[in-house]
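This report refers to the structure that appears directly beneath it.
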Amino acid sequence: MSKGRAEAAAGAAGILLRYLQEQNRPYSAQDVFGNLQREHGLGKAAVVKALEQLAQQGKVKEKVYGKQKVYFADQDQFDTVSDADLRDLDVKIVALTANVQSLQQSCRYMEAELKELSSALTTPEMQKEIRGLKEECAGYRERLKNIKAATNHVTPEEKEQVYRERRKYCKEWRRRKRMATELFDAILEGYPKSKKQFFEEVGIETDEDHNVMLPDP
1 MSKGRAEAAA
11 GAAGILLRYL
21 QEQNRPYSAQ
31 DVFGNLQREH
41 GLGKAAVVKA
51 LEQLAQQGKV
61 KEKVYGKQKV
71 YFADQDQFDT
81 VSDADLRDLD
91 VKIVALTANV
101 QSLQQSCRYM
111 EAELKELSSA
121 LTTPEMQKEI
131 RGLKEECAGY
141 RERLKNIKAA
151 TNHVTPEEKE
161 QVYRERRKYC
171 KEWRRRKRMA
181 TELFDAILEG
191 YPKSKKQFFE
201 EVGIETDEDH
211 NVMLPDP
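Per UniProt numbering: the sequence shown ends with 217, consecutive numbering throughout.
Written out as structure tokens, the structure reads:
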């Protein structure tokens, strides 16, 4: 036996007596060993011996249930609790139970929100997506500008095709902007600062920052 464990075993009776008095509920030797072994390094044999010693000295009570023994603090050492005190404890128990249920519900809500946010794009990913879309839009604007400027080699059918594509991409632009707006609204729900302040802090630029307006449908 190591020196530390030997010292713990020597003081096991005091540790177990204090523990049973503080908890004031019945425990088997196995329960006590499992609850205190990590904190105090008590061995199973030391726990059994100390509990039997305390029972023989009358400092704790021992009850036998079949093949198992349970130990608990001598109730005579505790003050008698009145009916009024018991009612007060019942009221406190009800209040604490309601508080626990409320906290559990709040934890479930936050876990669900965390799961949703974890599956969404991160801020760098969204910034990269926005940059890519801006570059793509710039290319389409330049292409549209060139097409509009041409007068002698674009047929009416080709021109109409370009306008159809333009309407298609503008529709997709609106859809993606709406998705991004809804995503930010969900992320910033309950955020103490305004959306504009958040965008400024993380470096997100909007269409309005560059005077870019969606064309009419």
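Heads up, the beta-carbon is just placed ideally off N, CA and C, and yes, glycines get one too.
Following the DSSP letters along the chain, one finds Glu200 inside the alpha helix (DSSP H) bounded by residues 195-202. If you look at Gln68, you'll find it isn't in any alpha helix (DSSP H); it sits in the beta strand (DSSP E) that goes 68-73. When Phe33, Glu52, Asp76 are compared, the shortest CA-CA separation from Gln21 is found for Asp76.
Rounded to whole angstroms, the separation of the alpha carbons of Asp88 and Ser82 is 10 Å.
Sequence-distant Cβ neighbours of Leu86 in its own chain, meaning closer than 6 Å and more than five residues away, do not exist here. Distance between Leu144 and Val162, taken at the CA atoms: about 8 Å. Runs of the alpha helix (DSSP H) lying entirely within the stretch 120-168, each at least 4 residues long, are 123-149 in chain order. When the Cα atoms are used, Leu51 and Leu16 turn out to be separated by approximately 7 Å. In this structure, the CA atom of Ile130 is about 10 Å from the CA atom of Thr123.
Short of 6 Å from the beta carbon of Ala55, and not among the five residues preceding or following it, lie these beta carbons of its own chain, in chain order: Glu62. In this structure, the beta-carbon distance from Gln53 to Ser28 does not fall below 7 Å.
Asn24 is positioned such that its CB atom lies no closer than 7 Å to that of Ala84. The Cβ atoms of Leu42 and Ala12 sit closer than 7 Å to each other. Proximity of the stretch 132-139 to the stretch 99-113 falls short of the contact definition, fewer than three beta-carbon pairs being nearer than 8 Å. Within the DSSP bridge table, the entry for Ser28 names Val70 as partners.
Within the model, the alpha-carbon separation for Ser118 versus Met110 is close to 12 Å. The alpha carbon of Ala180 has as its nearest neighbour, out of Pro156, Val202, Thr206, Glu157, the alpha carbon of Thr206. In the DSSP secondary-structure assignment, Val94 is not bridged to any residue. When the alpha-carbon of Glu160 is set against those of Ile147, Met213, Lys128, the nearest one is in Ile147.
One Cα belongs to Asp90, the other to Ala98, and the distance between them is close to 12 Å.
In the three-state reduction of the DSSP assignment, Lys59 falls in the coil class, being assigned neither a helical nor a strand state.
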